[in-house]
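Just below is one structure, and these are the notes that go with it.
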Amino acid sequence: EDAVKTYVGSIYQVGNPEAGKRMVEALEGLGQQDGLLGQLVQHFSDCHPIVKVEILRLLTRVRAPEAATIITQSILDGDRKVRVTAMELAGKSQTKSAVPHLLPILAHQSRFSGVDEDDELQEVTCRALGNIGDLSAVAVLLEVANPASFLKRTKSDPVRTAAIMALGEFSQ
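Residue numbers (our numbering): 0 to 171.
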C-alpha cells in the first residue's frame with residue numbers, strides 16, 4: 000500500500016509527461032484500491048495536461064465516484080485537449096452534473112468580433128449534451144440548430160448539424 004502511494008505521488012512529479020501518462024495507464028489494474036484514486040484526484044491540478052487526460056480516462060474506465068466531479072471541473076480547464084476529453088467523457092459517462100458547464104459553451108462569443116470562438120468545441124459540446132440526455136439542454140440545442148436563432152448569429156453548419164444530431168438522441 001505504501002509503495003502504491005509513493006508510485007502515485009511520483010506521477011505528478013515526473014518531468015516527462017509521456018512517462019507520467021504510462022504510469023497512470025499502469026494503475027488501471029489496481030482498480031479502486033483504497034486511497035489510490037483519491038490521491039490522483041487530490042493532485043490532479045498539478046499534473047501536465049497529457050497526464051490529466053489519462054487520469055480522466057482512468058477515472059471513467061474504473062467508474063470512480065470522483066470521475067463526475069473531475070470531468071465537470073476539467074470542462075473549464077485551460078488546456079484544450081483536457082477540455083475536449085472532459086466533454087467527450089461527460090457524454091460517454093452521461094455525467095449530468097456537467098450540463099451547466101457545457102451549455103454556456105454554445106452561447107460563447109468573442110466580445111470583440113461577435114464570432115463564435117470555437118466551432119469544434121461547440122460540436123463536441125452538442126454531442127456530449129445529446130449523449131447525456133438531460134432535458135435542460137433541449138431548448139439551447141434547438142436554438143443552436145435554428146438558422147434564425149436568437150443568438151444574433153447563425154452557427155456554422157457543422158455546429159448546427161451536431162445540435163440536430165444531439166436532439167435526435169433525445170428521441171431514442
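Glycine included, every Cβ here is placed at the ideal spot set by N, Cα and C.
CA-to-CA distance, residue j to residue i, given in whole angstroms
{"i": "Phe169", "j": "Leu134", "result": "8 Å"}
{"i": "Phe43", "j": "Leu75", "result": "14 Å"}
{"i": "Val158", "j": "Leu26", "result": "37 Å"}
{"i": "Leu166", "j": "Leu140", "result": "7 Å"}
{"i": "Lys154", "j": "Asp118", "result": "8 Å"}
{"i": "Asp45", "j": "Leu105", "result": "29 Å"}
{"i": "Gly37", "j": "Val98", "result": "24 Å"}
{"i": "Ala144", "j": "Val40", "result": "37 Å"}
{"i": "Ile70", "j": "Lys20", "result": "17 Å"}
Buried versus exposed call for residue i [16 or more other C-beta atoms within 10 Å across all chains shown]
{"i": "Ala136", "result": "buried"}
{"i": "Glu122", "result": "buried"}
{"i": "Leu120", "result": "buried"}
{"i": "Gly90", "result": "buried"}
{"i": "Ala177", "result": "Here the chain comprises residues numbered 0 to 171, so residue 177 is not present and cannot be evaluated."}
{"i": "Ala147", "result": "exposed"}
{"i": "Gly129", "result": "buried"}
{"i": "Thr5", "result": "exposed"}
{"i": "Ala67", "result": "buried"}
Segment limits, alpha helix (DSSP H) that includes residue i
{"i": "Arg126", "result": "118-131"}
{"i": "Arg159", "result": "156-169"}
{"i": "Ala176", "result": "The displayed coordinates of the chain run from 0 to 171. Any statement about residue 176 would go beyond what the structure contains."}
Could you give the uninterrupted runs of the beta strand (DSSP E) lying entirely in the stretch 71-102, keeping only those of 3 residues or more? Within the stretch 71-102, no complete beta strand (DSSP E) segment of 3 residues or longer occurs.
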